[in-house]
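Presented below is the structure to which this report refers.
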Amino acid sequence: MEEILVSRSGTGVVTVTLNRPQVKNAVSGPMWEEMRRVFQEVTQCDDDRVLVITGAGGAFCAGAHLAANMGTHHHPLNDMHPVSAAAQALHDVSKPTIAKVGGIAAGAGMNLALGCDLIVAGESARFSQIFSRRGLCVDFGGTWLLPRLVGLHKAKELSFFGDILSAAEAERIGVVNRVVPDSVLDGFVSGWAERLAAGPPLALQMTKRMLNSAFSLSLSEALHWEAAAQSVNFGSEDTREGIAAFGEKRAPVFRGR
Numbered sequence: 008m009e010e011i012l013v014s015r016s017g018t019g020v021v022t023v024t025l026n027r028p029q030v031k032n033a034v035s036g037p038m039w040e041e042m043r044r045v046f047q048e049v050t051q052c053d054d055d056r057v058l059v060i061t062g063a064g065g066a067f068c069a070g071a072h073l074a075a076n077m078g079t080h081h082h083p084l085n086d087m088h089p090v091s092a093a094a095q096a097l098h099d100v101s102k103p104t105i106a107k108v109g110g111i112a113a114g115a116g117m118n119l120a121l122g123c124d125l126i127v128a129g130e131s132a133r134f135s136q137i138f139s140r141r142g143l144c145v146d147f148g149g150t151w152l153l154p155r156l157v158g159l160h161k162a163k164e165l166s167f168f169g170d171i172l173s174a175a176e177a178e179r180i181g182v183v184n185r186v187v188p189d190s191v192l193d194g195f196v197s198g199w200a201e202r203l204a205a206g207p208p209l210a211l212q213m214t215k216r217m218l219n220s221a222f223s224l225s226l227s228e229a230l231h232w233e234a235a236a237q238s239v240n241f242g243s244e245d246t247r248e249g250i251a252a253f254g255e256k257r258a259p260v261f262r263g264r
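Be aware that the sequence shown starts at 8, since it is given in the working numbering, and climbs by one per residue.
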């Protein structure tokens, strides 16, 4: 059984499914490198417009498969290089990304979801920064992502205690965008993904890049990059198509150029 499944729709939606349901999709060592490779491939492929990450068998991801790493004879820091590389590759995906979370998302699994641009959770989903309960520090970018989403003090609470959050609580504190009934999770995410795939690729990618940089830029720097991005848009076929479609009262067809 393949541990990571990749499927592509004809509309530009790429779905990556973690496929180890027998261990709640806990990530094995080779899976980190495979995730990095897939994330970089999506960035480089012009036909890929949206990335959806999910898990098989009723769970999103229970984090790293720690038992598989115990008893190895090489330095643990070597094991962290692929983990960090996968987290960086996800952050660097230039296209919109959606985490479709059903069941548990714990440890690196929670941070895999947080690393996506949007998170949609089924009502039975659960989230936990469980690291401290295993004698570990937060990883997979969680120390960078979590304070930006929930604030520093709440991030410390979640990280120090490792408590489990319900989907409703995760939505309340800003961890997830939407909570939907489990029965409509697939359909809801599919709808969002198709809407994004039909959107203007250049504009969405530049918007994502600027929003990701927002906390490290001054207002004047942000305004500079907004102006530069709009100058690219106004020279593109997509913007001309969007304006024409508005005038003709029809849906635009964006081609990413």
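Backbone N, C-alpha and C fix where the C-beta goes; we use that ideal spot for every residue, glycine too. Just so we're clear, the structure is a prediction, and the values are computed from it rather than from any experiment.
Item, Value
"Given residue 94 as reference, the closest of 107, 111 and 70 once Cα atoms are compared", "70"
"Close beta carbons around residue 259, own chain, < 7 Å, minus the five adjacent residues each side", "248, 249 and 252"
"Closest Cα partner of residue 47 within the set 226, 92 and 66", "92"
"Beta-carbon gap between residue 203 and residue 126 smaller than 9 Å", "no"
"Expected contact under 8 Å - CB spacing of residue 63 and residue 85 to nearest Å", "Contact flag wrong, Cβ pair sits at about 28 Å."
"Span of the alpha helix (DSSP H), counted from its first residue to its last, around residue 180", "That residue, residue 180, is in no alpha helix (DSSP H); it is neither H nor E in DSSP."
"Every unbroken beta strand (DSSP E) inside the stretch 54-109 [3 residues or more]", "57-62 and 104-108"
"When 141, 159, 163 and 174 are compared against residue 134, the one with the closest alpha-carbon", "174"
"Endpoints, beta strand (DSSP E) assigned at residue 112", "111-113"
"Close Cβ partners of residue 22 (< 6 Å) along its chain, the five nearest in sequence each way excluded", "14 and 59"
"For residue 157, the first and last residue of its enclosing beta strand (DSSP E)", "Run containing residue 157: none in the beta strand (DSSP E); it sits in the alpha helix (DSSP H), 149-157."
"Rounded straight-line distance, which links the Cα of residue 27 to that of residue 226", "45 Å"
"C-alpha gap between residue 103 and residue 240, whole angstroms", "18 Å"
"Residue 219 beta carbon less than 9 Å from that of residue 98", "yes"
"Residue range of the alpha helix (DSSP H) that includes residue 18", "Neither: residue 18 is in no alpha helix (DSSP H) and is coded neither H nor E."
"Spatial neighbours of residue 30 in its chain, beta-carbon cut-off 8 Å, leaving aside the 5 residues before and after", "69 and 72"
"Exposure of residue 245, with buried meaning 16 or more beta-carbon neighbours within 10 Å", "buried"
"Residue 77, buried or exposed, once every other Cβ within 10 Å from all chains shown has been counted against 16", "Bear in mind that a pLDDT of 49 at residue 77, under 50, signals an unreliable position, so the model cannot answer this."
"Collapsed DSSP secondary structure at residue 249 in the structure displayed", "helix"
"Residues near residue 9 in its chain [Cβ-Cβ closer than 7 Å; skip 5 each side]", "26"
"Selection from 130, 160, 150 and 206 that minimises the alpha carbon distance to residue 67", "130"
"Residue 133, DSSP secondary structure in three states", "strand"
"DSSP three-state assignment for residue 128, whether helix, strand or coil", "strand"
"Under the three-state DSSP convention, the category residue 243 falls into", "coil"
"Neighbour-count burial assignment, residue 100, 16 or more Cβ in a 10 Å radius", "buried"
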